[in-house]
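In terms of my numbering, the sequence shown opens at residue 22 and continues consecutively. All residues carry an ideal CB built from backbone N, CA and C; glycine is no exception. Before any comments, here is the structure.
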Amino acid sequence: MAGGKETPRQKMIGMMYLVLTALLALQVSNQILQKFILINDGLERTSTNFIQKNQFSVNIISSTVEQQGNNPVDVPKVEVARQIREKSSTLYQYLEDAKARLIDEANAIDDEGNFKTSALKNVDIPGNIFNNNRLGYEMQEKLNEYPAELTQMLAELNIPVSFEKIAKDANEIDLFKNDVDVRFKDYVNLNYVKSPIGAVLAIISQHQNEVLNIESEALNAITNSLGSFIFEADNLKARVAANSNVVAAGTTFEAEMFLASSSSSTELKMTADGREIPVESGFGKIAFPVAPASSYDDRGLAPRTLRGEIVVPIGGQDSVFTIDYEYFVAQPVIKVSSEVVNQLYAECANDLVIEVPALGNSYAPEFSVAGGQAIKGSRPSDVTVIPAASGTVNITVSSGGNRIGTVDYEIKPVPAPTIRPFNGDTQIDLQNPTPANGLTNLQIRAIPEPTFGRTMPRDANFEVTAGEVRLVRNDVPRESVNITGQNVAVRNLLAQAQGGDRLVIIAREVTRTNFRGNKIRSTVNEVYSIQIR
């Protein structure tokens, strides 16, 4: 948001907003809608931490200026900090009222206080409220006025910090500005039209986080502009401010652990779960990969607790402050896309797209296969699975070294082709006699089963490679030629043929060439008879 280099929190907020916005275009399942509610809950908890931290920053600015003798240069900054807190609080409540209106008009909560799945899927009410009734355009104006106002307020204090707009149109977002399908959409149509209620709630909560994050940066800028700070701590409490306390396995948990009344001039030591973490300007930076849980509850969540310790020198002695921070690991859902997803064909190249939507841009998949082989595709989520001849295929999905889960499929045998005689490109009518001089290009074709031929074109190359064609007169074989491929030379047989004779086709072997060019032979015993006139 600020004019300089983005912080990890800013990057996470920006990435989460893009992921939430992109997911609005999907036809989401009940599980993904429920995950939106979990994300929304996590964002609201993060907002609570932000509000406490920002109010504390306002108090610190006031007490610091007072302790330093009310320097005339710094005194106006106290009032500006309070105004910023007031503006943030007003805008935050405005967004909270918008969520409440959406929930109320959708009747989205049952008598037990739980969200109704049917209501979360509703895509008409958000469009009516935010587009037809213009609330979305009013919200966009307020959201974008806020960073501009804070930029101006800081400029009047000679603090050169600026902030970007919050509510952007599609052509202002890198993810969408080159996408011909959405780049023409404005903020309201991008976020609220045809969007399910569950996703809209998460988007608005994300905006609340962005408002509070901009406020935090503005207050930090004011704090950093003050004169030297005298550390006097008479009420110390440890705090953790996480980007979200609901994280998916395979993603990175990120948060700030800080000590209320802390100062960048005081050297602090911090640990998280026994691991020492870097401290910048009095704030500890927590980042670690989240391993999958051994079990999840019926909501797909597993509770965990982060143990933090902060060592601060007070009066020449080290004092230790501890904090236990509870967060939840969300169970990621594996989504497999393929035309053959229910069963995989034996010894064939089954092309699959395996995704874990909950991981977003952090998804770095690795696939291991029991009962077959795997070949990685051009995109991270693409994989080609070659099952064994029979049994079951088990595909284990990992991301960033963390195991996500396993999907299992039965191995389906390759369906046998249909053998038919052709005269050139025309299939021969076996019910009616064929003139001897009209059979100029006899072909014996092995035609793949339609579904297999359509979904597995690289493996659906069949050919009749053994058999014979006999000239039969009065049920007595006279001459024959061997079948060694699709085209069969029967000119000599036809030269001897008389009206009433038959060409008897006997197919004994079919060869399939797979995607690797390997030949797979199978025995058949099919007989066809062509009447000659």
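In the structure shown, residue 151 falls within a helical segment according to DSSP collapsed to helix, strand and coil. Non-local C-beta neighbours of residue 523 in its own chain, meaning closer than 7 angstroms and more than five positions away in sequence, comprise 493, 550, 551, 552 and 553, ordered along the chain.
In chain order, 554 place their CB closer than 6 angstroms to the CB of residue 456, counting only its own chain and leaving out the 5 sequence neighbours on each side.
By the neighbour-count criterion, in which 16 or more other beta carbons inside 10 Å mark a residue as buried, residue 519 falls on the exposed side.
According to DSSP, residue pairing for residue 463 in a beta bridge involves 444. In this structure, residue 547 lies near residue 528, with their beta-carbon atoms less than 8 angstroms apart.
Remark: fewer than three beta-carbon pairs, one from each stretch, lie closer than 8 angstroms, so the stretch 395-404 and the stretch 421-441 are not flagged as touching. Cβ-Cβ distances below 6 angstroms link residue 167 to 112 in the same chain, with the five nearest sequence neighbours on each side left out; the list follows chain order. By the CB criterion at 8 angstroms, residue 508 and residue 464 fall inside the cutoff. Beta-bridge pairing by DSSP links residue 345 to 328. For residue 174, the enclosing alpha helix (DSSP H) starts and ends at 156-177. When 310, 301 and 259 are compared, the shortest CA-CA separation from residue 274 is found for 310. Here residue 74 is buried: its Cβ has 16 or more other Cβ atoms, across all protein chains shown, within 10 Å. When secondary structure is reduced to three states using DSSP, residue 204 falls in the coil class, being assigned neither helix nor strand.
With contacts defined by Cβ atoms closer than 8 angstroms, residue 365 and residue 346 do not form a contacting pair. DSSP places residue 115 within a helical segment (H, G or I) once states are collapsed to three.
Going by beta carbons, residue 261 and residue 344 fall inside the 8 angstroms limit. Residue 521 counts as exposed, since fewer than 16 other beta carbons sit within 10 angstroms of its beta carbon. Taking the CA atoms as reference points, residue 59 sits about 19 angstroms from residue 315.
With distances taken between CA atoms, residue 192 lies nearest to 209 out of 392, 176, 181 and 209. Cα atoms of residue 440 and residue 466: separation of roughly 6 angstroms, rounded to the nearest angstrom. Between the stretch 442-457 and the stretch 469-481 there are fewer than three inter-stretch CB-CB distances shorter than 8 angstroms, so the stretches are not counted as touching. DSSP places residue 420 in the uninterrupted beta strand (DSSP E) bounded by 413-420. A Cβ-Cβ distance of about 17 angstroms is found for the pair residue 174 and residue 86, leaving them out of contact under the 8 angstroms criterion. Assignment of residue 507 by DSSP, reduced to helix, strand and coil, places it in the coil class.
For the pair of segments examined, the stretch 441-455 was found not to touch the stretch 406-426: the number of CB pairs separated by less than 8 angstroms stays below three.
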